[in-house]
Amino acid sequence: MAHKLDFPFPIHFVDWPTWPEHVVMHIAQALTRWVKAFPPASCWARVFAGLRLHLHSDLPHGALARRDAIRFHPRLFQQRPAWLAQVAVVHELAHVWAFRAKPRALAWLPIDVLAWRLVWFAWREPGPTRYGRRRWLQPSEEWAETVAAYVYPEYLDHLRRTSEPEAWLGPKHRTFVQRVYQTMC
Ligand SMILES: [Zn+2]
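No gaps in the numbering here: position 135 of the sequence shown is 135 in our numbering, and each next residue is one more.
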């Protein structure tokens, strides 16, 4: 049974009765921050139409995004500080954004066109976080981390204070996100 949460834009929770309250709260806050960074909500109602969220404890990773679904492991929502869960939700939404930004004619291609456009555009500018920093032949994480850093600037502050003094959102990465957003909304 899927439950449609309409705030701030429609999103479906599969097996709704199993979703803990704190998980739904983090997702709702992440979506709210998303819309604040990329208004209006109606744009995302269109871009993310039909997106379904799953909660599974048998995932090898913390989360897995596809064109039509995101699967989350419950441990993703047990981080300290707790708001890092919201950064992770935004990271996964960014993957869905990339899937859905892909021209329909190229949908069959296992290539993240948006992420490749980002690394081409940013060229020598390093990515925002170690997790997302340039992985040749697999730039999807750089795109997702760029969007996460854009929506949650405190994520980079947190990384700089704890483990990654070089974490930053460079002007080219920021500009690229803004351009893609402007063409979609
Ligand atoms: Zn990712």
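Note that the Cβ used here is the ideal one computed from N, Cα and C, for glycine as well.
| query | result |
| --- | --- |
| Reduced DSSP secondary structure (H/G/I, E/B, other) of arginine 46 | helix |
| For isoleucine 70 and histidine 186, the rounded distance between their alpha carbons | Outside the shown range of the chain, which is 1 to 185, sits residue 186, and nothing can be said about it. |
| Delimiting residues of the beta strand (DSSP E) encompassing phenylalanine 77 | Taken as a continuous stretch (DSSP letters only), phenylalanine 77 belongs to no beta strand (DSSP E), as it is neither H nor E. |
| Contact under 7 Å by Cβ, leucine 76 with alanine 65 | no |
| Closer than 6 Å: alanine 82 CB and nearest ligand 1 heavy atom | no |
| Nearest-angstrom Cα separation, counted from alanine 105 out to proline 162 | Here residue 162 turns out to be threonine, not proline, going by the sequence shown. Approximately 43 Å, taken between the alpha carbons. |
| Buried versus exposed call for glutamate 21 [16 or more other C-beta atoms within 10 Å across all chains shown] | exposed |
| Any 3 or more C-beta pairs closer than 8 Å across the stretch 4-13 and the stretch 146-156 | no |
| Beta-bridge pairing of isoleucine 27 - partner residues as DSSP gives them | Answer by DSSP bridge pairing: none, since isoleucine 27 is not bridged. |
| Whether valine 151 touches tryptophan 34 by CB criterion (7 Å) | yes |
| 8 Å contact criterion, which glutamate 154 and alanine 115 should meet: CB distance rounded | Contact doesn't hold; Cβ gap of about 24 Å is too wide. |
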